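Undergrad: One structure, as C-alpha cells, below. Some questions next.
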Amino acid sequence: DVHGSVRPHRACTAAHRRSHATMDVGLVDALCDYSRPVFLFGLTPPLEGATQDELKETARKFVERSATLATDGFIVYDIQEEKGRTPEPRPFPFRKLDDPSHFAQVLKDVSGKESVVYKCVAESDPGGFDGWLNKAIDDYGVNAYNLVGGASSANQYSGPTIPDVAAKLNKRKQCAHGGVTIAERHIKKGNEHETLVKKGELGMQWFISQAIYDPEPMIKLLKEYGALCRQRNIEPKRVVLTFAPCGREKTMRFIKWLGVTVPEDIEREILDAEDKVGKSVDLLCAMCKKILDETKGCGVPLGISVESVSIFKNEINAAHELFRRTQSMLLDFLGEPWLVQYKLVSKGVKRTSFDYGSRKPPASPGAALPPVKEPKAAKKEGGIGGLFEGLSEEEQKKLGIAGAVGVVVGFILGAVLGGSKSKPVAPAPEPPKKKGWGK
2 DVHGSVRPHR ACTAAHRRSH ATMDVGLVDA LCDYSRPVFL FGLTPPLEGA
52 TQDELKETAR KFVERSATLA TDGFIVYDIQ EEKGRTPEPR PFPFRKLDDP
102 SHFAQVLKDV SGKESVVYKC VAESDPGGFD GWLNKAIDDY GVNAYNLVGG
152 ASSANQYSGP TIPDVAAKLN KRKQCAHGGV TIAERHIKKG NEHETLVKKG
202 ELGMQWFISQ AIYDPEPMIK LLKEYGALCR QRNIEPKRVV LTFAPCGREK
252 TMRFIKWLGV TVPEDIEREI LDAEDKVGKS VDLLCAMCKK ILDETKGCGV
302 PLGISVESVS IFKNEINAAH ELFRRTQSML LDFLGEPWLV QYKLVSKGVK
352 RTSFDYGSRK PPASPGAALP PVKEPKAAKK EGGIGGLFEG LSEEEQKKLG
402 IAGAVGVVVG FILGAVLGGS KSKPVAPAPE PPKKKGWGK
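Each residue of the sequence shown is one higher than the one before, counting from 2 in the numbering used here.
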C-alpha cells in the first residue's frame, strides 16, 4: 500500500475492494482511499456516429500520446448543448458526441485503465435513464460516475434528480459516485461547503472541481469545508482540483463560456504572452502551489485532474506538461518519498496502445536487461536500475524482451508497488507520521 496501511473508505465494500499491495488498484478503490492522492486525465468522446473501428483508433491515439502520464484513470465528459447556461453565444458549435460510458469501455479495452464517466442526469431521457445506467454498468463495465445537474436552476429539466440517481447507484455495490464542485459559487452564495456535506450524505465519495483559473475561491472552499467537517465530526470527501491549459483567444472564450471565472489580469497575461499556452501552464502551476500551501492542514484529501479537450497540438502537449508538473507538486506536498515506475507488461493483456504490428521478438536474448549486480550503486545514481533489485536474472530477461511488451506508467509513494522488491530511488529520511492530509 501507499503509506504503510490499507485504509479504503468504509463505503468501498468488499465486493470491489482489492489489495493495495500492487499498482493495479481499481479506480473506485483509488478514489475512495483518502490516504493517497488520485491523478486523472480528462477527455471528450468522439462524435456520435463514429464506427467501432473509428472509436478504437481515437482511443489508441489518445492512449499512445498519454502513455507516459502516471494516471490512475481517465475522465470521460458528457457534453450537452446547455442552452440555458448563458446568453453569450457558444464559441464552438455544439455537436453531439458518443455516449461517454461506451467510449469509456473502448478506452479500457485499449489501455486497461478505467474512467470516471460524467453524466448530466438533468438532461437525460426520463424514460430511458435506467436502461442507460444498466447498460453502462452491466455491458460497459463502468463503475465510477460523476453526477451533474442542470446548467441553470431557472430551467425545467426532464431527467431524474441527482438524489434519485445517487440512490440507484448506492444499491450497486461495485459502483461509486461523486459530483461537481464550483468554488465560485462559494464566493457568491457562501454555502458550497454545506452543499458538499449534503452531497456526501447522498453517498458521493469525491468532488471534481470546475477548471480553476482563480485559486482564491478554492482556497476559501477547502478551508471552510474542512472546518465544517471537523465541527460535525465527519470525514471530508476527496476534492479533485481540475486545471486546463489555454493557448488561444477562442479557447479562453470557451473556458469562460463554461462558467469558469478568469480574472482579467490573468486573461491578459496569457493572451498577451508570446507563448500563450506556456504562460497558462506556468500560471496554473503557480495557482496549484498556492492552493496546496494555503490549505495545508485543512484535512481535505485532494487529487489532480487535467483536461485535454483541445484539438490543437500545442494545447494537447501543454496539458501533458501541466499534468506532470501539478502531479509532482501534490506528491511533494504529501512529504513522502516517491518515484515514477515504468512497468513492462505483456501486450496480450492490452495494457497499452502500442501496436508492434508484425515485429517479432528477437531470436536471441540480446535485448534482455543486464543483471543488476550492484543494486546499491544503481540506486545511488538515481537510474532505473533500482527498479529491478530483487529480481532474478531470468526474471530480468523476461522483462527485457522488446517485441512482446508495452509500457505503462504508475506513481508510487514511499515504495515501489507491483509485486517486486524494489525500493524508492534515493529515499529521503522518513518524515514524522501524519494524522491527516497536510497536517
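Backbone N, C-alpha and C define an ideal beta-carbon position, used for all residues, glycine too.
A quick note: this is a predicted structure, and the numbers were derived from the prediction, not measured.
1) So, is residue 199 buried or exposed, given that buried needs 16 or more other C-beta atoms within 10 angstroms?
2) Taking all protein chains shown into account, do 16 or more other C-beta atoms lie within 10 angstroms of the C-beta of residue 264, making it buried, or fewer, making it exposed?
3) Is the number of C-beta pairs between the region 213 to 227 and the region 163 to 179 that are closer than 8 Å three or more?
4) So residue 261 and residue 208 are in contact, right, with Cβ under 8 Å, and what is the actual spacing, rounded?
5) For residue 282, report the span of its alpha helix (DSSP H) as first-last.
6) Give the straight-line distance between the Cα atoms of residue 137 and residue 102, rounded to the nearest whole angstrom.
7) Would residue 202 be called buried (16 or more neighbouring beta carbons within 10 Å of its own) or exposed?
8) Could you check whether the region 115 to 122 touches the region 60 to 75, counting it as contact only if at least three pairs of C-beta atoms, one from each stretch, sit closer than 8 Å?
9) Output the distance between the C-alpha atoms of residue 245 and residue 307, rounded to the nearest integer angstrom.
10) If you draw a straight line from the alpha carbon of residue 338 to that of residue 220, how long is it in whole angstroms?
11) So what does DSSP say about residue 120, is it helix, strand or coil?
12) Ordered along the chain, which non-local residues of its own chain (more than five positions away) have a Cβ less than 6 Å from that of residue 188?
13) Please identify the residue among 89, 147, 65, 146 whose C-alpha is closest to the C-alpha of residue 318.
14) Output the boundary residues of the beta strand (DSSP E) element that contains residue 308.
15) Can you look up residue 70 in the DSSP assignment and give me helix, strand or coil?
16) Could you please give the first and the last residue of the uninterrupted alpha helix (DSSP H) stretch that includes residue 226?
17) For residue 239, tell me which candidate among 329, 341, 147 has the shortest Cα-Cα distance.
18) Give the single residue among 33, 229, 167, 206 whose Cα lies nearest to the Cα of residue 191.
19) Which of the three DSSP states, helix, strand or coil, is assigned to residue 342?
20) Return no unless some Cβ of chain B is closer than 8 Å to the Cβ of residue 248.
21) Which term fits residue 366, buried or exposed, when burial requires 16 or more other beta carbons within 10 angstroms of its beta carbon?
TA: The short version:
1) As a working note, residue 199 is residue 198 in the sequence shown. So residue 199 counts as exposed.
2) For this step, residue 264 is matched to residue 263 along the sequence shown. Under this definition residue 264 is an exposed residue.
3) no
4) Position 260 of the sequence shown, counted from the first residue, corresponds to residue 261. Position 207 of the sequence shown, counted from the first residue, corresponds to residue 208. About 16 Å separates the CB atoms of residue 261 and residue 208; that is not less than 8 Å, and the two are not in contact.
5) The residue labelled residue 282 in the question sits at position 281 within the sequence shown. Residue 282 -> alpha helix (DSSP H) spans 277 to 295.
6) Counted from its first residue, the sequence shown places residue 137 at position 136. Counted from its first residue, the sequence shown places residue 102 at position 101. Going from the Cα of residue 137 to the Cα of residue 102 covers about 6 Å.
7) Residue numbering aside, residue 202 sits at position 201 when the sequence shown is read from its first letter. It is exposed - the Cβ of residue 202 has fewer than 16 other Cβ atoms within 10 Å.
8) yes
9) Residue mapping note: residue 245 aligns to position 244 of the sequence shown, counting from 1. Residue mapping note: residue 307 aligns to position 306 of the sequence shown, counting from 1. The straight-line gap from Cα to Cα measures roughly 6 Å.
10) By one-based count along the sequence shown, residue 338 stands at place 337. By one-based count along the sequence shown, residue 220 stands at place 219. Rounded to the nearest angstrom, the two C-alpha atoms are 26 Å apart.
11) As a working mapping, residue 120 is identified with position 119 in the sequence shown. The answer is strand: DSSP assigns residue 120 an E or B state.
12) The residue you call residue 188 lines up with position 187 of the sequence shown. Excluding positions up to five away in sequence, the list reads 218.
13) Residue numbering aside, residue 318 sits at position 317 when the sequence shown is read from its first letter. The candidate whose alpha carbon is nearest that of residue 318 is 65.
14) In the sequence shown, counting from the first residue as 1, residue 308 sits at position 307. Note, residue 308: beta strand (DSSP E), 303 to 308.
15) The count along the sequence shown starts at 1 and reaches residue 70 at position 69. Coil.
16) If you number the sequence shown from 1, residue 226 lands on position 225. Note, residue 226: alpha helix (DSSP H), 216 to 233.
17) In the sequence shown, the residue the question calls residue 239 occupies position 238. The residue with the shortest Cα to Cα distance from residue 239 is 147.
18) What you label residue 191 is simply residue 190 of the sequence shown in a count that begins at 1. Considering only alpha carbons, the answer is 229.
19) On the sequence shown, residue 342 is found 341 positions in, with the first residue counted as 1. Reduced to three states, the DSSP call for residue 342 is strand.
20) Absent from the structure is chain B; it holds one protein chain and no more.
21) As a working mapping, residue 366 is identified with position 365 in the sequence shown. For residue 366, the predicted structure reports a pLDDT of 39, less than 50, and the residue's modelled location is therefore unreliable. A value from the coordinates is still provided. Looking at its Cβ environment, which holds fewer than 16 other Cβ atoms inside 10 Å, residue 366 is exposed.
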